[in-house]
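Per numbering that gives the first Met the number 0, the sequence shown starts with residue 0, numbered consecutively. For each residue, glycine too, the CB sits at the ideal point set by N, CA and C. Quick caveat, the model's predicted, so the values are computed rather than measured.
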Amino acid sequence: MNIKLTLSYDGTDYSGFQSQKNGNGIEDFLKKGITSVLKSERISIICAGRTDAGVHAEGQVVNFHATNNMKENNWLLALNSLLPKDIRINNCEFVPDSFNSRRTAYAREYWYQIVNDKTISALHQRYYTHIYWGDLDTERLNEYAKYLIGEYDFTSFCSSGDQNKTKIRRVDSIDFTRNGNLVVCKIIGNAFLQNMVRIMVGTILDLYKENRSPETIKEILESKERKVAGVTYPPKGLILKKVYYNKV
Numbered sequence: 000m001n002i003k004l005t006l007s008y009d010g011t012d013y014s015g016f017q018s019q020k021n022g023n024g025i026e027d028f029l030k031k032g033i034t035s036v037l038k039s040e041r042i043s044i045i046c047a048g049r050t051d052a053g054v055h056a057e058g059q060v061v062n063f064h065a066t067n068n069m070k071e072n073n074w075l076l077a078l079n080s081l082l083p084k085d086i087r088i089n090n091c092e093f094v095p096d097s098f099n100s101r102r103t104a105y106a107r108e109y110w111y112q113i114v115n116d117k118t119i120s121a122l123h124q125r126y127y128t129h130i131y132w133g134d135l136d137t138e139r140l141n142e143y144a145k146y147l148i149g150e151y152d153f154t155s156f157c158s159s160g161d162q163n164k165t166k167i168r169r170v171d172s173i174d175f176t177r178n179g180n181l182v183v184c185k186i187i188g189n190a191f192l193q194n195m196v197r198i199m200v201g202t203i204l205d206l207y208k209e210n211r212s213p214e215t216i217k218e219i220l221e222s223k224e225r226k227v228a229g230v231t232y233p234p235k236g237l238i239l240k241k242v243y244y245n246k247v
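In structure tokens, the structure reads:
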């Protein structure tokens, strides 16, 4: 039986999604919960996106194979009773054996959240990055962002520790929007490199602040040098919002 879970988590106190030696990865807690339900059966978890330490998720997707014949809703209830309160299973469904949460996905959507005000509310501290050097002009920000839309080698926009064999990725859309003092950058692409979204956002905001030409983005892409791009923005503002699949 192939079981698909959609989950949300507050990544603040975790060392990222991937299993860690210290046992503090989201995956570690998921495995504990699942193996507790299965008693003796060993499982391997496949995830749609390995979020970094401190990054959150609202629509992370994982799948695993098991022989247990519990109903979908019972899986959901059992796991939520065993997991920490800041890791929640939103949905459970049985899917065809061919479904793979990573390989079957055709796109992922991330949101980077910013409080653009003189101060930041205590209620926003865990999920927003605070920026204030005046009101951000989202139209101008989108002028920079459009140069990142398309299929490119994103070597300049990933961590030096990224282990993917190819750095070519496709970005389908980037859109900065404002709602009061909250600015959100919504990014959709086929897949992302390590730190890629945070570096993209950091680079756009650095160039905006320095009032440099939006076409500078093209030069940064062509350089294939991480040091040419902007800073890596903090993980707390980033959320894996949704993973896209064809109907299964």
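Taking the continuous alpha helix (DSSP H) assigned at G32, which residues delimit it? Your numbering for residue 32 matches position 33 in the sequence shown. Run containing G32: I25 to L37, per the alpha helix (DSSP H) assignment.
Thinking just about the alpha-carbon of each residue, which of R107, N67, R41 and D96 is nearest to the one in A56? What you label residue 56 is simply residue 57 of the sequence shown in a count that begins at 1. Cα-wise, what sits closest to A56 is R107.
Nearest by alpha-carbon distance to Y131: which of N180, I167 and D174 is it? The residue you call residue 131 lines up with position 132 of the sequence shown. The closest CA to that of Y131, considering only N180, I167 and D174, is found on N180.
Is the CB-CB distance between F63 and I88 below 8 Å? The residue you call residue 63 lines up with position 64 of the sequence shown. The residue you call residue 88 lines up with position 89 of the sequence shown. In this structure, F63 sits away from I88, with a CB-CB distance that is not shorter than 8 Å.
Contained beta strand (DSSP E) runs [length at least 3] in the segment 136-183, N- to C-terminal order: Listed in chain order, the complete beta strand (DSSP E) runs (minimum 3 residues) inside the segment 136-183 are 149-152 and 167-178.
Paired residues, beta bridge with N210 - DSSP: On the sequence shown, position 211 is the one that residue 210 refers to. Paired residue(s): none; N210 is not in a bridge.
Select from Q19, L76 and Y243 the residue whose C-alpha is nearest the C-alpha of D171. Residue 171 sits at position 172 when you count from the first residue of the sequence shown. With distances taken between Cα atoms, D171 lies closest to Y243.
Which residue comes first and which comes last in the beta strand (DSSP E) that contains E92? Mapped onto the sequence shown, residue 92 falls at position 93. Per DSSP, E92 is one residue of the beta strand (DSSP E) stretching across I86 to V94.
With H, G and I counted as helix, E and B as strand and the rest as coil, what does DSSP make of T202? Taking the first residue of the sequence shown as 1, we reach residue 202 at position 203. In this structure, DSSP gives T202 a helical state, which the three-state scheme calls helix.
May I ask you to report which of helix, strand or coil DSSP gives R107? On the sequence shown, residue 107 is found 108 positions in, with the first residue counted as 1. Under the three-state reduction of DSSP output, R107 falls in the strand class.
Using C-beta distances below 6 Å, list every residue in its chain close to E142, excluding the 5 sequence neighbours before and after it, in chain order. Here residue 142 refers to the residue found at position 143 of the sequence shown. So the list reads P213, once near-sequence residues are dropped.
Compare the Cα-Cα distances from I198 to each of R211, N189 and I216 and report the closest residue. Residue 198 sits at position 199 when you count from the first residue of the sequence shown. The shortest C-alpha separation from I198 is found at I216.
Are any of the Cβ atoms in chain D nearer than 8 Å to that of E92? Included in the structure is just one protein chain, with no chain D present.
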